Amino acid sequence: MPPVTLPAGAAHILHEAQSEISPEVAADDGDEERESYESAMEADRLVEAADEDQDGDAAAMDVDEDSDSGESHGAAGVDERKGKGKLTADDVHQTVKLASRDVITAQTLSTFQRNWKSFIKFCVANRFLAEGAALDPRDLPAQLPEYICMWIMNTCDDVDIYTGKKKGPKDEPASYSHAQKMRAAMTHQFGREFGLGQQTWSQSELKADKYTGNPSLSTVVSQYMVSLRRRKVSGLPFAPDLRMF
Numbered sequence: 021m022p023p024v025t026l027p028a029g030a031a032h033i034l035h036e037a038q039s040e041i042s043p044e045v046a047a048d049d050g051d052e053e054r055e056s057y058e059s060a061m062e063a064d065r066l067v068e069a070a071d072e073d074q075d076g077d078a079a080a081m082d083v084d085e086d087s088d089s090g091e092s093h094g095a096a097g098v099d100e101r102k103g104k105g106k107l108t109a110d111d112v113h114q115t116v117k118l119a120s121r122d123v124i125t126a127q128t129l130s131t132f133q134r135n136w137k138s139f140i141k142f143c144v145a146n147r148f149l150a151e152g153a154a155l156d157p158r159d160l161p162a163q164l165p166e167y168i169c170m171w172i173m174n175t176c177d178d179v180d181i182y183t184g185k186k187k188g189p190k191d192e193p194a195s196y197s198h199a200q201k202m203r204a205a206m207t208h209q210f211g212r213e214f215g216l217g218q219q220t221w222s223q224s225e226l227k228a229d230k231y232t233g234n235p236s237l238s239t240v241v242s243q244y245m246v247s248l249r250r251r252k253v254s255g256l257p258f259a260p261d262l263r264m265f
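Quick note, this note's numbering runs 20 ahead of the 1-based positions in the sequence shown.
Next comes the structure, spelled out in structure tokens:
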């Protein structure tokens, strides 16, 4: 895919972030995002393990009840249970308990999916991606980290990504916490759904135009996120590029 010229406002914000935030600071931010991703993955594994344990316990209980039934009533007792539900009151209680715990995970996944659809829609609207096209995990655009930054900027930054001017009262930017959630959705999508894990986004040693790893864990995204956080905390407005006016 040929390089895309970024809108002036977004290009200036990214340039300032890369000038302001050192690669070392960006690496620390990447580590924090990676830890958050690992925690989410561990939570998923715990839920899956609990589900497997529950299935195993239920199966073992069925066997025990079949044995007890056979001892009391003979072979006929076993036959009477065939084809019938074998869940006890305790089984039902445990299933409801697990389902309740899964609600949080389901809500988070729903938010991730909603954010992913929003990102794709944004890419199509800005002609980074053709209508109806899909991103290929094996051949992702080199500028994908910039697209992620622009998508977050559009919602959470106080500067218009197209004009470089401060947004008006009607376009109140979302919080830094919201920006973190948007990035987390990208980290999850590329890490788990695309199978790219938590490897840092980097240029391939074999092909100059090919990149590997998770684009949400790139230096570019980390530099932007640190820059955004500092501006949100300080309350200082972003300095526009006067050459654009």
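Glycine residues also receive a C-beta, built at the ideal position from the N, C-alpha and C atoms. Predicted, not measured: the structure shown is a model, and the values here were computed from it.
Pairwise C-alpha distance: residue j and residue i
i	j	result
residue 142	residue 225	30 Å
residue 228	residue 162	10 Å
residue 32	residue 179	10 Å
residue 184	residue 175	14 Å
residue 216	residue 160	11 Å
residue 254	residue 131	29 Å
residue 59	residue 156	26 Å
residue 126	residue 133	10 Å
residue 22	residue 46	27 Å
residue 135	residue 150	18 Å
residue 146	residue 34	17 Å
residue 42	residue 154	33 Å
residue 49	residue 203	12 Å
residue 158	residue 194	33 Å
residue 39	residue 165	17 Å
residue 144	residue 186	24 Å
residue 293	residue 152	Because residue 293 is not part of the residues shown, which for the chain are 21 to 265, the question remains open.
Reduced DSSP secondary structure (H/G/I, E/B, other) of residue i
i	result
residue 97	No answer about residue 97 holds up, because its pLDDT of 43 lies below 50 and its placement is not dependable.
residue 265	Only weak support exists for where residue 265 lies, its pLDDT of 40 falling under 50; the coordinates are left without a value.
residue 146	coil
residue 5	Lying outside 21 to 265, the shown extent of the chain, residue 5 is not represented and no answer is given.
residue 138	helix
residue 179	strand
residue 218	coil
residue 163	coil
residue 232	strand
residue 90	Residue placement at residue 90 cannot be trusted, given a pLDDT of 48 that sits under 50; what the coordinates show is reported in the next sentence. Residue state, collapsed to three classes: helix.
Beta carbon of residue i nearer than 7 Å to that of residue j
i	j	result
residue 168	residue 241	yes
residue 181	residue 199	no
residue 248	residue 220	no
residue 37	residue 244	yes
residue 24	residue 148	yes
residue 196	residue 137	no
Option nearest residue i by Cα separation, candidates the options
i	options	result
residue 239	252, 186, 223	223
residue 234	206, 171, 243	206
residue 201	57, 219, 164, 37	57
residue 208	151, 230, 251, 129	129
residue 177	250, 164, 39, 144	250
residue 218	61, 39, 164, 44	61
Min CB distance residue i to chain D below 7 Å
i	result
residue 59	Looking for chain D here will not work: only one protein chain is present.
Subject >> the segment 177 to 192 touching the segment 47 to 64, judged by at least three CB pairs closer than 8 Å >> reply: no
**OP:** Pair every Cβ in the segment 193 to 213 with every Cβ in the segment 28 to 48, then say whether three or more of these pairs are closer than 8 Å.
**Re:** no
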